[in-house]
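Here the protein sequences line up with chains A and B, keeping their order.
Going left to right, the first sequence walks through residues 1 to 244 as the numbering used here numbers them.
Going left to right, the second sequence walks through residues 1 to 110 as the numbering used here numbers them.
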Amino acid sequence: MDNSIAGLVLQCAGIISEAALIVYLARRGLWKRQGAVAFYLGCLLLTELARAGVLYANGLNSPQYFYVYWSTDFLLVISAFLAVCFFFRRACLREERMWRYVRLLLPLTLILVVAISSILFLHNYHKLFFSYFVVEFNQNLYFTCLVLNTLLYLLLQYIESTDDQLGLLVCGLGIQFAGPAATFALVHLTPGEAFARSLSSTVMRLCTLGALFVWAYAVMHVQDKAIRVAGHDVPVLAEVAGHI
Amino acid sequence: MKNLVLTFLLALLVVLTGLSLRRAVVGNAATATGGPALMAIGTGPVPWPQPPPPPPPPPKSKLATLSLRHVVAGKVTTATDSKILMAIGTGPVPWPQPPPPPPPPPPSKK
Numbered sequence: 001m002d003n004s005i006a007g008l009v010l011q012c013a014g015i016i017s018e019a020a021l022i023v024y025l026a027r028r029g030l031w032k033r034q035g036a037v038a039f040y041l042g043c044l045l046l047t048e049l050a051r052a053g054v055l056y057a058n059g060l061n062s063p064q065y066f067y068v069y070w071s072t073d074f075l076l077v078i079s080a081f082l083a084v085c086f087f088f089r090r091a092c093l094r095e096e097r098m099w100r101y102v103r104l105l106l107p108l109t110l111i112l113v114v115a116i117s118s119i120l121f122l123h124n125y126h127k128l129f130f131s132y133f134v135v136e137f138n139q140n141l142y143f144t145c146l147v148l149n150t151l152l153y154l155l156l157q158y159i160e161s162t163d164d165q166l167g168l169l170v171c172g173l174g175i176q177f178a179g180p181a182a183t184f185a186l187v188h189l190t191p192g193e194a195f196a197r198s199l200s201s202t203v204m205r206l207c208t209l210g211a212l213f214v215w216a217y218a219v220m221h222v223q224d225k226a227i228r229v230a231g232h233d234v235p236v237l238a239e240v241a242g243h244i
Numbered sequence: 001m002k003n004l005v006l007t008f009l010l011a012l013l014v015v016l017t018g019l020s021l022r023r024a025v026v027g028n029a030a031t032a033t034g035g036p037a038l039m040a041i042g043t044g045p046v047p048w049p050q051p052p053p054p055p056p057p058p059p060k061s062k063l064a065t066l067s068l069r070h071v072v073a074g075k076v077t078t079a080t081d082s083k084i085l086m087a088i089g090t091g092p093v094p095w096p097q098p099p100p101p102p103p104p105p106p107p108s109k110k
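Spelled out as structure tokens, the structure:
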């Protein structure tokens with residue numbers, strides 16, 4: 001599928017959706033209120049443009065595309081982690097006592113992922129730094145974000161949050177993380193490398209599109225209750241970044 | 001201090017759950033170079049890590065001997081070809097005999 005028209009359509013649809021959502025946020029002046037969404041979408045759009053440029057200049061199997069793809073994946077996984085942190089902060093706007101634990105938990109989690117990835121790398125020091133440590137770190141942080149996102153969803157249910165928009169944003173991230181994981185589990189049960197590559201690649205891209213559409217629906221059609229009720233109009237992303 | 005320890009344990013639990021989930025989902029292919037078992041974000045095609053190239057075959061120690069033999073004896077190197085087999089010793093060389101010719105067909109009785 002990678003070289004087919006369908007693959008090209010998927011890539012173009014992703015870029016257009018991201019750009020449209022960013023333009024919508026800018027025109028509505030939602031940069032501050034939806035800081036995490038805007039930040040993540042900005043990173044995603046920049047990444048997609050860089051990847052597309054290198055892909056069509058050098059080809060899918062070129063080392064340039066390989067390095068650009070997995071380097072920008074590092075940027076994306078960090079921005080996804082920051083988005084999860086932001087959503088935790090937003091969920092705990094009226095739960096300051098819980099936030100005291102969460103703001104310790106999130107940096108500790110990141111430090112532990114770095115430490116575990118480093119230990120694995122030291123045991124394989126003869127391998128290339130990029131192709132082992134960076135990719136290994138990305139994968140570990142992905143699955144950690146999946147667990148954190150699930151915890152966040154459970155937290156929203158526990159505190160009976162009325163912020164429907166936040167619930168949908170968390171569900172969007174859940175599609176991004178859990179969809180490929182479920183596909184890998186399916187692929188693991190059904191051997192066949194060519195089929196696995198094709199299915200995994202397609203599902204990952206569809207999951208990114210699905211997450212974008214859920215976010216677009218959440219931003220455009222669901223009322224932003226939490227910020228109005230709590231009366232917080234501060235850029236929460238800056239606060240979260242300060243803690244980390 | 002107690003809160004810090006509890007939070008650290010919770011963070012450790014979160015990370016280990018993530019790693020266990022990764023191991024459970026992708027099985028033994030959970031290495032950085034492990035084929036189609038890598039998650040990524042984005043709608044572009046995924047460049048899967050290529051497996052390392054296979055090691056070069058070991059040098060053939062008999063290659064020179066075989067080549068020399070081929071040069072000296074030509075392509076007639078089978079054990080049953082006469083007069084082209086090397087031997088050590090001073091006795092007469094019993095060249096391998098060619099297989100006996102097939103018996104003539106029995107005369108037809110008219």
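Note that CB positions come from ideal geometry on N, CA and C, so glycine has one too.
Remember, it's a predicted structure, so these values are computed and weren't measured experimentally.
Legend entry - Buried versus exposed call for B:Pro126 [16 or more other C-beta atoms within 10 Å across all chains shown]: Summary: the structure shown does not reach residue 126 of chain B, with chain B confined to residues 1 through 110, and so no result is reported for it.
Inset, instruction - Answer with buried or exposed for A:Glu160, where buried requires no fewer than 16 other C-beta atoms within 10 angstroms of its C-beta. - result: Sequence index remark: in the first sequence, residue 160 of chain A carries index 160 (1-based). Exposed: under 16 other Cβ atoms inside 10 Å.
Inset, instruction - Would you verify that the beta carbon of B:Val5 is, or is not, closer than 8 Å to some beta carbon of chain A? - result: Position 5 of the second sequence, counting from 1, holds the residue named residue 5 of chain B. Judged by the 8 Å Cβ criterion, B:Val5 is not in contact with chain A.
Inset, instruction - Out of A:Ser117, A:Phe133, A:Val219, A:Gln139, state which residue places its alpha-carbon closest to the alpha-carbon of A:Pro180. - result: Numbered from 1 along the first sequence, position 180 holds the residue referred to as residue 180 of chain A. Selected option, being the one with the closest Cα: A:Gln139.
Legend entry - Sub-8 Å separation of A:Gly167 and A:Val214 beta-carbons: The residue given as residue 167 of chain A occupies position 167 in the first sequence. The residue given as residue 214 of chain A occupies position 214 in the first sequence. Not in contact: A:Gly167 and A:Val214 (Cβ atoms no closer than 8 Å).
Inset, instruction - Mind checking the stretch 194-222 of chain A against chain B and listing, in chain order, the residues whose C-beta falls within less than 7 Å of any C-beta there? - result: Ala196, Arg197, Ser200, Ser201, Met204, Arg205, Thr208, Leu209
Inset, instruction - Please name the residue in B:Leu13, B:Thr43, B:Leu19 whose C-alpha comes closest to that of A:Thr208. - result: Looking up residue 208 of chain A in the first sequence gives position 208. If we check each option's Cα against that of A:Thr208, B:Thr43 comes out closest.
Inset, instruction - Compare the C-beta of A:Phe88 against all C-beta atoms of chain B and say whether one is closer than 8 Å. - result: Taking the first sequence and counting its residues from 1, one reaches residue 88 of chain A at position 88. So, not an interface residue.
Inset, instruction - Starting from the beta carbon of B:Pro54, find every residue of chain A whose beta carbon is closer than 8 Å, and list them in chain order. - result: Here residue 54 of chain B is taken as the residue at index 54 of the second sequence, counted from 1. Ordered by position in chain A, no residue passes the 8 Å Cβ test against B:Pro54, which lies about 16 Å from the chain.
Legend entry - Straight-line Cα distance separating B:Leu19 from B:Ala30: Locating residue 30 of chain B in the second sequence gives position 30, counting from the first residue. Locating residue 19 of chain B in the second sequence gives position 19, counting from the first residue. At B:Ala30 the pLDDT is 46, less than 50, meaning the model places this residue with poor confidence; the figure from the coordinates comes in the next sentence. If you take the alpha carbons of B:Ala30 and B:Leu19, they lie about 10 Å apart.
Legend entry - Close-in-space but distant-in-sequence residues of the same chain around A:Phe121 (CB under 7 Å, 5 per side omitted): Stepping through the first sequence from its first residue, residue 121 of chain A is reached at position 121. Cβ neighbours of A:Phe121 beyond the five flanking positions: Tyr132, Phe133, Glu136.
Legend entry - Spatial distance of A:Leu154 from B:Pro54 (CA atoms): Here residue 154 of chain A corresponds to residue number 154 of the first sequence, with the count starting at 1. Here residue 54 of chain B corresponds to residue number 54 of the second sequence, with the count starting at 1. Roughly 48 Å separates the two Cα atoms.
Inset, instruction - Please list, in chain order, all residues of the same chain as B:Pro101 whose beta carbon is under 6 Å from its beta carbon, the five residues on each side excluded. - result: Start at 1 with the first residue of the second sequence, and residue 101 of chain B comes out as number 101. Excluding sequence neighbours, B:Pro101 sits near nothing in its chain.
Inset, instruction - Using 10 angstroms around the beta-carbon of B:Pro47, count the other beta-carbons present and answer buried if the total reaches 16, otherwise exposed. - result: The residue given as residue 47 of chain B occupies position 47 in the second sequence. Buried, because 16 or more other Cβ atoms sit within 10 Å of the Cβ of B:Pro47.
Legend entry - Exposure label - A:Asn149; buried when at least 16 CB within 10 Å: Translated into the one-based positions of the first sequence, residue 149 of chain A becomes position 149. The residue in question, A:Asn149, is buried, as its Cβ has 16 or more Cβ neighbours within 10 Å.
Inset, instruction - Since I believe A:Leu45 is in contact with A:Ala19 (beta carbons under 8 Å), could you give me their beta-carbon distance rounded to a whole number of angstroms? - result: In the first sequence, counting from the first residue as 1, residue 19 of chain A sits at position 19. In the first sequence, counting from the first residue as 1, residue 45 of chain A sits at position 45. Right, their Cβ atoms sit about 6 Å apart.
Legend entry - Pairwise C-alpha distance: A:Thr162 and A:Gln176: Here residue 176 of chain A refers to the residue found at position 176 of the first sequence. Here residue 162 of chain A refers to the residue found at position 162 of the first sequence. Spanning the two alpha carbons is a distance of roughly 23 Å.
Inset, instruction - Could you pull out every unbroken beta strand (DSSP E) segment of at least 3 residues lying fully inside the stretch 163-220 of chain A, listed in chain order? - result: none
Inset, instruction - Using a threshold of 8 Å, state whether the C-beta atoms of A:Thr72 and A:Arg89 are closer than that. - result: Taking the first residue of the first sequence as position 1, residue 72 of chain A is located at position 72. Taking the first residue of the first sequence as position 1, residue 89 of chain A is located at position 89. It is not a contact, given that the beta carbons lie outside the stated cut-off.
Inset, instruction - Would you identify the three-state DSSP class for B:Pro55, choosing helix, strand or coil? - result: Residue numbering aside, residue 55 of chain B sits at position 55 when the second sequence is read from its first letter. Under the three-state reduction of DSSP output, B:Pro55 falls in the coil class, being neither helix nor strand.
Inset, instruction - Starting from the C-beta of A:Gly174, find all residues in its chain whose C-beta is less than 7 Å away, skip the five residues before and the five after it, and write them out in chain order. - result: Walking along the first sequence from the start, residue 174 of chain A turns up at place 174. Result list for A:Gly174: Asn149, Tyr153, in chain order.
Inset, instruction - Decide if B:Ala40 is buried, meaning its Cβ has at least 16 other Cβ atoms within 10 Å, or exposed. - result: Position 40 of the second sequence holds residue 40 of chain B. So B:Ala40 counts as buried.
Inset, instruction - Would you decide whether A:Arg97 is buried or exposed? Buried here means 16 or more other CB atoms lie within 10 Å of its CB. - result: By 1-based counting over the first sequence, the position of residue 97 of chain A is 97. A:Arg97 should be labelled exposed.
Legend entry - Status (buried if at least 16 other CB within 10 Å, exposed otherwise) for A:Gly53: On the first sequence, position 53 is the one that residue 53 of chain A refers to. With fewer than 16 Cβ atoms within 10 Å of its Cβ, A:Gly53 is classed as exposed.
Legend entry - A:Gln223 to A:Ala216 span [Cα, whole Å]: To locate residue 223 of chain A, count along the first sequence from 1; it is residue 223. To locate residue 216 of chain A, count along the first sequence from 1; it is residue 216. About 12 Å.
Inset, instruction - Could you tell me the distance, in whole angstroms, from the CA atom of A:Ser198 to the CA atom of A:Leu10? - result: Locating residue 198 of chain A in the first sequence gives position 198, where the first residue counts as 1. Locating residue 10 of chain A in the first sequence gives position 10, where the first residue counts as 1. Each residue's Cα considered, the two are about 14 Å apart.
Legend entry - Rounded straight-line distance, which links the Cα of A:Leu30 to that of A:Leu156: Walking along the first sequence from the start, residue 156 of chain A turns up at place 156. Walking along the first sequence from the start, residue 30 of chain A turns up at place 30. Roughly 23 Å between the two C-alpha positions.
Inset, instruction - Please name the residue, chosen from A:Thr109, A:Leu25, A:Gln64, that lies closest to B:Leu16 on a Cα-to-Cα basis. - result: Locating residue 16 of chain B in the second sequence gives position 16, where the first residue counts as 1. Per the Cα distances, A:Thr109.
Inset, instruction - Quick one: which unbroken alpha helix (DSSP H) runs of 4-plus residues sit fully inside the stretch 50-100 of chain A? Chain order, please. - result: Along the stretch 50-100 of chain A, the alpha helix (DSSP H) occurs as fully enclosed runs of 4 or more residues at 63-91, listed in sequence order.
Inset, instruction - State yes or no: is the C-beta of A:Ile111 nearer than 7 Å to some heavy atom of the ligand PLP? - result: Only the bare structure without any ligand can be found here, which leaves the ligand PLP out of the picture.
Legend entry - Residues of the stretch 38-52 of chain B with Cβ closer than 9 Å to any Cβ of chain A, in chain order: The stretch 38-52 of chain B vs chain A, Cβ under 9 Å: Leu38, Met39, Ala40, Ile41, Gly42, Thr43, Gly44, Pro45, Val46, Pro47, Trp48, Pro49, Gln50.
Legend entry - Residue-chain proximity (A:Asp2, chain B), Cβ-Cβ < 8 Å: Start at 1 with the first residue of the first sequence, and residue 2 of chain A comes out as number 2. With a pLDDT of 49 at A:Asp2, under the threshold of 50, the predicted position of this residue should be treated as unreliable, though the coordinate-derived value follows. Chain B, which has a Cβ nearer than 8 Å to the Cβ of A:Asp2, makes this yes.
Inset, instruction - Give the residues of chain B in contact with A:Gln165, contact being defined as C-beta atoms less than 9 Å apart. - result: Looking up residue 165 of chain A in the first sequence gives position 165. The contacting residues do not exist; A:Gln165 stays about 22 Å from chain B at best.
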